[in-house]
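Engineer:
Numbering (the working numbering), first residue to last: 12 to 484.
In structure tokens:
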């Protein structure tokens with residue numbers, strides 16, 4: 012007779028008949044009617060799974076991008092007694108912004124001195140280099156040029172130099188045509204800001220490594236395919252977080268947590284709505300960035316990040332050239348991205364459309380104020396997204412030898428951005444506090460350089476959580 016035995020040890024993959032993440036104990040009245048209570052109880056016992064009792068945690072982090080994961084890791088490091096769960100809508104972590112970007116470790120040049128972005132970018136860059144080196148993840152401090160194609164653009168180079176210096180960025184220098192040619196023979200420019208501490212990594216791989224740390228801590232869990240759709244408080248001041256597998260009506264999943272921190276990327280406004288945040292104050296608009304990559308024989312066209320000076324408007328930094336250490340991109344040199352409005356929050360292709368997303372974007376007054384103030388820029392981004400030749404002309408402005416036949420399609424990424432009344436792109440991270448009567452915090456605006464600054468943002472979020480939630484170390 013064949014006997015089947017089961018171990019209670021941690022399983023690398025759950026059995027298909029195990030309970031779903033967060034499902035808990037479900038009513039079995041129908042089974043009881045058919046089989047009787049004793050048999051129903053025996054029949055419906057789940058096989059052992061590795062989880063905390065009744066899916067109760069000290070902290071629930073909603074959002075499994077690099078910022079949410081880094082925040083979970085930081086809390087686990089600081090508080091050895093706390094349990095943390097990360098709830099992620101997709102079937103893997105880092106599925107969206109974290110996994111679809113240039114992979115640049117920014118030095119901290121573009122951000123207003125004294126802002127959260129400036130502080131977390133500069134500190135976060137060093138923490139990111141340190142983490143990648145400790146974990147033996149691919150990383151390279153390759154440097155960066157921000158180039159002025161002509162004398163008229165040189166004032167932008169001077170401004171970025173002053174701003175970066177004020178932010179504490181080390182090693183900055185302004186160089187001119189002859190030195191540029193000496194260092195990058197294929198680049199043609201009047202001047203450039205040289206940032207030797209800018210680098211590249213694979214943020215998707217960094218996120219997977221953080222996720223492994225969380226799982227292996229013994230106090231952390233990550234629940235995938237858990238799309239949060241409701242949050243409510245209990246009588247004893249806990250938060251019940253409900254969700255479902257994306258696209259499904261059930262079963263209803265749930266976890267209980269003492270506190271909640273949302274790091275929801277381009278769903279951050281909708282998550283805030285669920286826990287009493289001011290949904291309309293900081294609504295998300297998403298932009299698609301399309302990338303091309305140099306064919307393998309042209310991958311050494313440049314050896315470092317080459318960026319134009321900012322084009323204005325607060326959104327695109329312009330089409331740029333970035334070496335990669337990402338095996339998913341074949342370690343190629345990528346060119347891009349643009350910044351074209353999407354008609355769906357997950358609109359990785361031009362014609363991807365979601366009617367509800369489209370309605371929200373169409374009724375976002377702050378975005379339309381931005382679009383009309385920057386009409387030429389907005390139309391240019393739309394045109395470049397549809398026209399490869401126009402896209403490449405942006406790069407030919409400072410790398411004249413670039414030709415259509417040298418590049419091939421690569422990938423697309425989505426960037427989320429909050430616009431403020433009057434049409435300005437929010438220039439700093441927005442943190443919403445004291446939601447759900449002081450039990451929840453929302454990170455509402457976290458565009459680039461959030462991946463670079465993720466470990467420093469995690470420190471900042473943990474500091475705020477300690478203040479708001481009364482945590483003691």
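For each residue, glycine too, the CB sits at the ideal point set by N, CA and C.
Need the endpoints of the beta strand (DSSP E) that residue 66 sits in, please.
Structural biologist: Note, residue 66: premise wrong, no beta strand (DSSP E); not H, not E.
Engineer: According to DSSP, simplified to helix, strand and coil, what is residue 436?
Structural biologist: strand
Engineer: Taking the straight line between their C-alpha atoms, what separation do you get for residue 191 and residue 406?
Structural biologist: 16 Å
Engineer: Would you kindly check if the distance between the Cβ of residue 74 and the Cβ of residue 274 is under 8 Å?
Structural biologist: yes
Engineer: Run the CB neighbour count on residue 304, radius 10 Å, all protein chains shown included, and call it buried at 16 or more, exposed below.
Structural biologist: buried
Engineer: Where residue 356 and residue 442 are concerned, what is the direct C-alpha to C-alpha distance, given to the nearest angstrom?
Structural biologist: Between the alpha carbons of residue 356 and residue 442 lies a distance of about 21 Å.
Engineer: Residue ranges of each alpha helix (DSSP H) run of no fewer than 4 residues wholly in the segment 388-442, ordered along the chain?
Structural biologist: 399-407
Engineer: Smallest Cα separation from residue 294: which of 108, 430, 84?
Structural biologist: 430
Engineer: Please classify residue 261: does DSSP put it in a helix, a strand, or coil?
Structural biologist: Correct three-state label for residue 261: coil.
Engineer: Can you find at least 3 beta carbon pairs, one from the segment 364-374 and one from the segment 431-450, that sit closer than 8 Å?
Structural biologist: Output reads no: the segment 431-450 does not touch the segment 364-374.
Engineer: Select from 363, 238, 313, 361 the residue whose C-alpha is nearest the C-alpha of residue 103.
Structural biologist: 238
Engineer: For the segment 331-384, which segments carrying the beta strand (DSSP E) assignment without a break, of at least 3 residues, lie completely within its bounds, in sequence order?
Structural biologist: 331-333, 345-347
Engineer: Quick check: residue 289 and residue 451, are their CB atoms within less than 8 Å of each other?
Structural biologist: no
Engineer: Could you give the distance in angstroms between the alpha-carbon of residue 85 and the alpha-carbon of residue 404?
Structural biologist: 43 Å
Engineer: Starting from the N-terminal side, write out each stretch of the alpha helix (DSSP H) that is 4 residues or longer and does not extend beyond the segment 264-303.
Structural biologist: 279-285
Engineer: Quick one: complete alpha helix (DSSP H) runs, 4+ long, within the segment 189-266?
Structural biologist: 214-227
Engineer: Output needed for residue 143: all residues of its chain with C-beta closer than 8 Å, excluding positions within five of it in sequence on either side, in chain order.
Structural biologist: Taken in chain order, the residues that qualify are 149, 150, 212, 217.
Engineer: Taking C-alpha atoms, which residue in 391, 329, 341, 115 lies nearest to residue 206?
Structural biologist: 115
Engineer: Once you ignore the five residues that flank residue 182 on each side, which residues in its own chain have a CB closer than 6 Å to its CB?
Structural biologist: 207, 208
Engineer: Grab the span of the beta strand (DSSP E) containing residue 186 for me, first residue to last.
Structural biologist: Start and end: 184-187.
Engineer: Taking residue 312 and residue 410 to be in contact with their CB atoms under 8 Å, please state how far apart those CB atoms are, rounded to whole angstroms.
Structural biologist: 7 Å
Engineer: Ignore the nearest five residues each way along the sequence and tell me which others in residue 474's own chain have a CB closer than 6 Å to its CB.
Structural biologist: Once the five neighbours on either side are set aside, residue 474 has no close Cβ partner at all.
Engineer: Thinking C-alpha only, which one of 377, 345, 369 is nearest residue 354?
Structural biologist: That would be 369, whose Cα lies nearest to the Cα of residue 354.
Engineer: What three-state label does DSSP hand residue 153 in the structure shown?
Structural biologist: Correct three-state label for residue 153: coil.
Engineer: In three-state DSSP terms, what is residue 123?
Structural biologist: coil
Engineer: Is residue 477 helix, strand or coil by DSSP?
Structural biologist: helix
Engineer: Could you check where the beta strand (DSSP E) with residue 318 kicks off and where it finishes?
Structural biologist: 316-319
Engineer: Output needed for residue 423: all residues of its chain with C-beta closer than 8 Å, excluding positions within five of it in sequence on either side, in chain order.
Structural biologist: 111, 299, 300, 301, 302, 348, 359, 360
Engineer: Mind reading off the beta-carbon distance from residue 97 to residue 230? Whole number of angstroms is fine, and I expect it under 8 Å.
Structural biologist: So it is not a contact: roughly 12 Å between Cβ atoms.
Engineer: Apply the 10 Å Cβ neighbour rule to residue 394 and answer buried if 16 or more other Cβ atoms are within range, or exposed otherwise.
Structural biologist: exposed
Engineer: Specify, as a first and last residue, the run of the alpha helix (DSSP H) that residue 78 falls within.
Structural biologist: Element bounds for residue 78: 77-89.
Engineer: Please report the residue range of the alpha helix (DSSP H) in which residue 168 lies.
Structural biologist: DSSP places residue 168 inside the alpha helix (DSSP H), whose first and last residues are 165-177.
Engineer: What is the residue span of the beta strand (DSSP E) that residue 455 lies within?
Structural biologist: 451-456
Engineer: Is the segment 306-320 close to the segment 396-403, with three or more CB pairs under 8 Å?
Structural biologist: no
Engineer: Pull up the CB-CB distance for residue 140 and residue 210, whole angstroms please, since I reckon it's below 8 Å.
Structural biologist: For a cut-off of 8 Å, the C-beta gap from residue 140 to residue 210 is around 7 Å, short enough to register as a contact.
Engineer: Exposed or buried, residue 233, counting other C-beta atoms within 10 Å across all chains shown (16 or more means buried)?
Structural biologist: buried
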